[in-house]
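A.B. asks: Could you have a look at this structure, given as structure tokens, before my questions?
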Amino acid sequence: MTHFNRRDFLKIASNSLLGLSGLIGLSGLFRFLSYEPAPPPPLEYPIGPIDSYPPGSRTVLTEIPALLIHDPEGFIALSLTCPHLGCTVENLPTGFECPCHGSRFDPSGQLLAGPAAKALQPLQIKIKDGQLFLSQTTP
């Protein structure tokens with residue numbers, strides 16, 4: 016039977032730890048290189064039939080986030096994403112307010128008070144075969 020002295024034991028232990036740390040590093044590198052980012056959000060959202068939104072309605076679409084307004088002139092959509100830092104603004108009876116930094120907007124999305132520097136972004140609405148589609152591109 017072979018007798019290990021202290022030097023042999025330390026050499027085997029240090030080589031084992033070095034090999035283990037190399038494997039851990041390689042597994043991290045493999046995970047980094049095989050990363051697949053989430054798919055980008057869709058550019059167009061189907062939001063249902065025209066009849067679902069009667070004239071005079073203001074419907075918050077939380078999954079987009081957007082506000083769909085059906086007024087006498089037709090449909091208008093506003094993004095509920097604050098142009099300051101991207102928080103979702105709250106829909107209030109007097110307009111919109113950003114809960115993060117306090118920017119305020121009137122009911123049509125125009126800027127009333129900062130720190131945001133511009134109004135809420137209008138969104139494009141398309142009508143196809145009686146169905147409404149909301150596009151993230153500006154009209």
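Counting from 1, position 101 in the sequence shown corresponds to residue 116 in the working numbering; the numbering is continuous, with no gaps.
Beta carbons: idealized from backbone N, C-alpha and C, even for Gly.
Computed from a predicted model, the values in this text were never measured in an experiment.
#1: Spatial neighbours of Asp121 within its chain, please: C-beta separation below 6 Å, excluding the five flanking residues on both sides.
#2: Check whether the stretch 55 to 63 touches the stretch 100 to 110, taking contact to mean three or more Cβ pairs, one atom from each stretch, closer than 8 Å.
#3: Expressed to the nearest angstrom, what Euclidean distance is found between the alpha-carbon atoms of Gln146 and Glu78?
#4: To which residues does DSSP link Ser94 through a beta bridge?
#5: With Ala128 as the anchor, note down where its beta strand (DSSP E) starts and where it stops.
#6: How many Å lie between Pro56 and Lys141 at the Cα?
#7: Label Ile27 either buried or exposed according to how many other C-beta atoms from any shown protein chain fall within 10 Å of its C-beta, with 16 as the threshold for buried.
#8: Report the partner residues of Glu59 according to the DSSP bridge assignment.
#9: Looking at the ligand SAM, does it come within less than 6 Å of Gly63, judged from the CB to the closest heavy atom?
#10: When burial is assigned at 16 or more other CB atoms within 10 Å of the CB, is Ser49 buried or exposed?
#11: Which class does Leu135 belong to by DSSP, given the choice of helix, strand or coil?
#12: In whole angstroms, what separates the C-alpha of Ala92 from that of Ala53?
C.D. replies: Based on what the coordinates show:
#1: On the sequence shown, position 106 is the one that residue 121 refers to. Here Asp121 has Gly110 and Leu127 as same chain residues with Cβ atoms under 6 Å from its own Cβ, once five neighbours each way along the sequence are excluded.
#2: Contact between the stretch 55 to 63 and the stretch 100 to 110 is absent: fewer than three C-beta pairs spanning the two stretches fall below 8 Å.
#3: Here residue 146 is taken as the residue at index 131 of the sequence shown, counted from 1. Here residue 78 is taken as the residue at index 63 of the sequence shown, counted from 1. Distance between the alpha carbons of Gln146 and Glu78 is about 18 Å.
#4: As a working note, residue 94 is residue 79 in the sequence shown. Ala81, per the DSSP bridge assignment.
#5: What you label residue 128 is simply residue 113 of the sequence shown in a count that begins at 1. That run of the beta strand (DSSP E) goes Leu126 to Ala128.
#6: Counting from one through the sequence shown, the residue named residue 56 turns up at place 41. Counting from one through the sequence shown, the residue named residue 141 turns up at place 126. About 18 Å.
#7: Here residue 27 refers to the residue found at position 12 when the sequence shown is read from its first residue. Here Ile27 is exposed: its Cβ has fewer than 16 other Cβ atoms, across all protein chains shown, within 10 Å.
#8: The residue given as residue 59 occupies position 44 in the sequence shown. Glu59 is bridged by DSSP to Ser150.
#9: The ligand SAM is not part of the structure shown, which contains no ligands of any sort.
#10: Here residue 49 refers to the residue found at position 34 of the sequence shown. Classification for Ser49: exposed.
#11: By 1-based counting over the sequence shown, the position of residue 135 is 120. Coil at Leu135, not helix or strand.
#12: If you number the sequence shown from 1, residue 92 lands on position 77. If you number the sequence shown from 1, residue 53 lands on position 38. Between the alpha carbons of Ala92 and Ala53 lies a distance of about 26 Å.
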